[in-house]
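Novice:
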Amino acid sequence: MAYSKTIRQKAIRLLLLSLTAMYAVQSRAQIITTMAGHYGANNVVDSIPATVARIVAPQSVVKDAAGNLYIADAGNYRVRKIDLAGTISTFAGSGTMGYGGDGGPATAASLSIVTGMCIDAAGNIYLADAGNNRVRKITPAALITTVAGNGTAGYAGDGASAVLANLTSPSDVAIDISGNLYIADRDNHCIRKVNAGGIISTVAGLGSPGFTGDGSAATLGRLNLPTGIAVDAAGNLYIADQMNGRIRQVNTSGDFSTIAGTGVTGYNGDGVAATVADLHQPAKVSVDGSGNVYISDFANNRIRIVDPSATINTLAGNGTAGFSGDGAAATGAMINHPAGLYPDGSGRLYFADADNNRIRMIDGTGIINTIAGVDRYLGDGGPATSADLLTPSYMCIDKAGNLYFSEPNGYRVRKLTSAGIISTYAGNGINAYTGDGGPATAASLYQPEAVTIDTSGNLFISMFDGVIRKVTPSGTISTFAGNGALGFCGDGSPAISACIGTQGMVMDTTGIMYLSEGGFARIRTINTAGIINTIGGIGSPGYSGDGGAATDAKLAYPLGIQVDDSGNVYVADQNNSAIRKITPSGNISTIAGTGVASFSGDNGPAVIAELHYPSSFTLAKHNSILISDGWNNRIRVVTTDGMINTIAGTGAYGYSGDGGNPLSAELWLPAGITTDTAGNIYFIDAGTYVIRKISGWTPPVPVGIKETQDDHNAIISPNPASAYINIDTKQITTSITVTDIVGRILINKKAYNDRHITLNIEHLAQGTYFIRINENEIVRFVKQ
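Using mature numbering (1 follows the signal peptide of the UniProt record, and there is no 0), the letters of the sequence shown correspond one by one to residues -29 to -1, 1 to 755.
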């Protein structure tokens, strides 16, 4: 009886503690705030010279018959206008990202990432409002309406009204002399057409990615992320088939052909037939009245031109990403990921120098100049909320609470102190690979991506050129891994000589580094001796392998990666919309997501919930997992009992909620995420170029796990329980006793000698029960 009384006293005390803990979690206020960067609306000052205006990630530029220039100021969620005097103003967009305002003034409307524009003979401007999955029209009277897309991503509606159709991230628009509107329906891998009567149809592509169809009907061929489109006076279509590395043409008979690009990524020179030239992710295309075709050779950081003889040459850019060259020959200038192009018919070419946040113009003599935009404001040494962030992507935190984050298109790693002061920690802003042995701030970084920090304070930076750099606490940079050839090679050899393709990275407490190599569909490690090996993925994309060896499994663009104290490795299998786990013994399983990109499952098991392209996650207290569920615009948590819930974000993309409950806030494409020792959550809100913080969050202690004084723990699943329960412990189990809340012994088993036990509790009534394991641990579970 004394034994039973002891059990009862501990059980009641545990139940009261559980209720108290739950009450504490619910009563503690959670607040979301912005820690670094500022929302696009803060950039906009109108009625000033365009050359001193701040524009963010411009994507497109067009000119009207009067000579006014219009800019898709994507990062500010506006269309800006530059008049003949060079003065800039807002032409469309309130600066609030979203969808609204149809039928009213364009300046009061909400836009979401305008990526393409065109103008018709009557002066109507058409916008590819990619984030809203719509095409919109602004009349000369400055009124805005939607002309295609119902706002829901998908591929449907051909043969009916365009405003009822589904589009998915339309990225560009073009219009012919008959008034037919063409849409680069990017993520549907097709080109749609809206005729003068408003009926939509598909004129190229099958709705799924690939490369086929040259020499036959374009409606039977395949495209792969068409991002740009143009039409000439004769009605021929030109398509920037970005991931196929080609410019395709649809002639007036409706047949496909390639007019530039080989499909091989690279740059192999000029003065040759355009069809034997290598391009690198061509993003936009335009054509002038003389038949010259202009190409934004995006990742080659060049503007190319294909003349009527089908010969290709470089018009601007020396191939190095950066900003230089104004007032001199455009071919010697540095440009940075060029986007939309507009030849004005008088020998001038305007283009959006997207990652330089500028609009630049090449005159008829080949001289380049900036006509709108200025350098971004780094803000180093000052408040982080005043600084411009350029595509912040990955994040880590040190013991002192300082945040480090990468800016792939700013070619820097920045530091944010716990006091809110920002500085550059590594990188001089030039996209290159230099500086080993010297100060990290003087080194050139090539599109830095993942960052992680070890227990000694060394910061590691993965870069897109297949190199991992190391920055010591004293600020000296060196190469840690990678031979500079982006790819896969070198398993079993020193990592310094291996080919790597790192896009996620973490260092455990023992000094082992774990790498997720997205494009190469592998998980690799670098041990303390510097040897690299594969521990997950076969190198070809797919979704398979659960329950077996991770080295036999297929992954699809794994990004975020974490490791727990027990050596379990967790991976954000992004394109499979799943979080997967590799045990120390090498077995793989899915712990969240179904492989379907969608949203569902809150308040239920994570393994049957749907995620949408999660790119990053972090491990929090009690081994809960915080997930940046990117395209669901949410932060979600998976507790140790396997249940999932949303802790931030309404699901609607946008920027709102600072100072309030994170569940009421709007997020947009949350990316890198981490936590500090106090439990505050930090994440990159990628679509708004800011870093946000959730304070006051306490990880829920799930039903089925309680920590004990000797730091053992046990997990009960499923929970709430049904007819059977599984018990997993860190220790060998020699005895199990199940009691009710008043201490009555209902099950008493001995000599399991295992860490995984299944119990039949079918005979137990619904209610709360307690398990005593090896006389020194009590775990609560609930049977429904």
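Virtual Cβ for every residue (Gly too), placed ideally from N, Cα, C.
#1: For residue 497, is the classification buried or exposed, using 16 other Cβ atoms within 10 angstroms of its Cβ as the cut-off for buried?
#2: Going straight from the alpha carbon of residue 53 to that of residue 19, what length do you get?
#3: If we count the other Cβ atoms within 10 Å of its Cβ and call it buried at 16 or more, is residue 51 buried or exposed?
#4: Could you check the C-alpha separation between residue 534 and residue 128 for me, to the nearest Å?
#5: Could you give the residue range of the beta strand (DSSP E) that holds residue 459?
#6: What do you get for residue 24, buried or exposed, if any count of 16 or more other CB atoms within 10 angstroms of its CB means buried?
#7: Could you give the first and the last residue of the continuous beta strand (DSSP E) run that contains residue 418?
#8: Any C-beta of chain B sitting closer than 8 Å to the C-beta of residue 444?
#9: Quick one: what does DSSP say residue 649 is sitting in, helix, strand or coil?
#10: State yes or no: is the C-beta of residue 428 within less than 8 Å of the C-beta of residue 479?
#11: May I have the straight-line CA-CA distance separating residue 520 from residue 508, to the nearest angstrom?
#12: Quick check: what's the CA-CA separation for residue 232 versus residue 411?
#13: Using a threshold of 8 Å, state whether the C-beta atoms of residue 89 and residue 144 are closer than that.
#14: Under 8 Å, with one C-beta from each stretch per pair, do the region 704 to 723 and the region 657 to 672 reach the 3-pair mark?
#15: Pairing CB atoms from the region 537 to 552 with CB atoms from the region 582 to 595, are three or more of them under 8 Å?
#16: In its own chain, which residues sit with a C-beta less than 6 Å from the C-beta of residue 146, not counting the 5 before and 5 after it?
#17: Using C-beta distances below 6 Å, list every residue in its chain close to residue 680, excluding the 5 sequence neighbours before and after it, in chain order.
#18: Following the continuous beta strand (DSSP E) through residue 212, name the residue where it begins and the one where it ends.
#19: Which residue comes first and which comes last in the beta strand (DSSP E) that contains residue 70?
#20: Is the region 67 to 81 close to the region 113 to 125, with three or more CB pairs under 8 Å?
#21: Would you say the region 212 to 221 touches the region 193 to 201, given that touching needs at least three Cβ pairs under 8 Å?
#22: Hey, out of 551, 391 and 643, whose CA is closest to residue 357's CA?
#23: Leaving out the 5 sequence neighbours to the left and right, which residues in its chain are closer than 6 Å to residue 484 when beta-carbon positions are compared?
#24: Let's see if you can read the secondary structure: which residues bound the beta strand (DSSP E) around residue 697?
#25: Using the C-alpha atoms, what's the distance from residue 419 back to residue 407?
#26: Per DSSP, which residues does residue 378 bridge with? Please list them.
#27: Taking the straight line between their C-alpha atoms, what separation do you get for residue 457 and residue 32?
#28: Could you tell me the distance, in whole angstroms, from the CA atom of residue 331 to the CA atom of residue 182?
#29: Classify residue 460 as buried or exposed, calling it buried when 16 or more other Cβ atoms lie within 10 Å of its own Cβ.
#30: What residues in its chain sit with their C-beta under 6 Å from that of residue 433, if we drop five residues either side in the sequence?
#31: From residue 94 to residue 161, what distance separates their C-alpha atoms?
#32: For residue 2, is the beta carbon positioned less than 7 Å from some heavy atom of the ligand SAM?
#33: Go to residue 98, then tell me how far its beta strand (DSSP E) extends in each direction, as first and last residue.
#34: Since I believe residue 599 is in contact with residue 586 (beta carbons under 8 Å), could you give me their beta-carbon distance rounded to a whole number of angstroms?
#35: Keeping to the same chain, check which residues put their C-beta closer than 8 Å to that of residue 404; ignore five residues upstream and five downstream.
Specialist: Taking the definition as stated:
#1: Answer is buried; the Cβ neighbour count reaches 16.
#2: Using only the alpha carbons, I get a separation of about 10 Å.
#3: Taking all protein chains shown into account, residue 51 has 16 or more neighbouring C-beta atoms within 10 Å of its C-beta and is therefore buried.
#4: 45 Å
#5: Note, residue 459: premise wrong, no beta strand (DSSP E); not H, not E.
#6: So residue 24 ends up on the buried side.
#7: Unbroken run through residue 418: none, as it is neither H nor E.
#8: Among the protein chains of the structure shown there is no chain B, as only one such chain exists.
#9: Of the three classes helix, strand and coil, the one that applies to residue 649 here is coil, per DSSP.
#10: no
#11: Rounded to the nearest angstrom, the two C-alpha atoms are 9 Å apart.
#12: Going from the Cα of residue 232 to the Cα of residue 411 covers about 37 Å.
#13: yes
#14: no
#15: yes
#16: 89, 91 and 152
#17: Note that residue 680 scores 43 on pLDDT, short of 50, meaning its location in the model is unreliable and no value can be drawn from it.
#18: 208 to 212
#19: Taken as a continuous stretch (DSSP letters only), residue 70 belongs to no beta strand (DSSP E), as it is neither H nor E.
#20: yes
#21: yes
#22: 391
#23: So the qualifying residues of the chain are 478 and 497.
#24: Segment 695 to 711, the beta strand (DSSP E) holding residue 697.
#25: CA-CA distance, residue 407 to residue 419, rounds to 15 Å.
#26: Residue 378 pairs with 383.
#27: So the two alpha carbons sit approximately 33 Å from each other.
#28: 33 Å
#29: Residue 460 should be labelled exposed.
#30: 420, 421, 439, 473 and 476
#31: 27 Å
#32: The ligand SAM is not part of the structure shown, which contains no ligands of any sort.
#33: 96 to 100
#34: Right, their Cβ atoms sit about 6 Å apart.
#35: 415, 416, 417, 434, 436, 438 and 455
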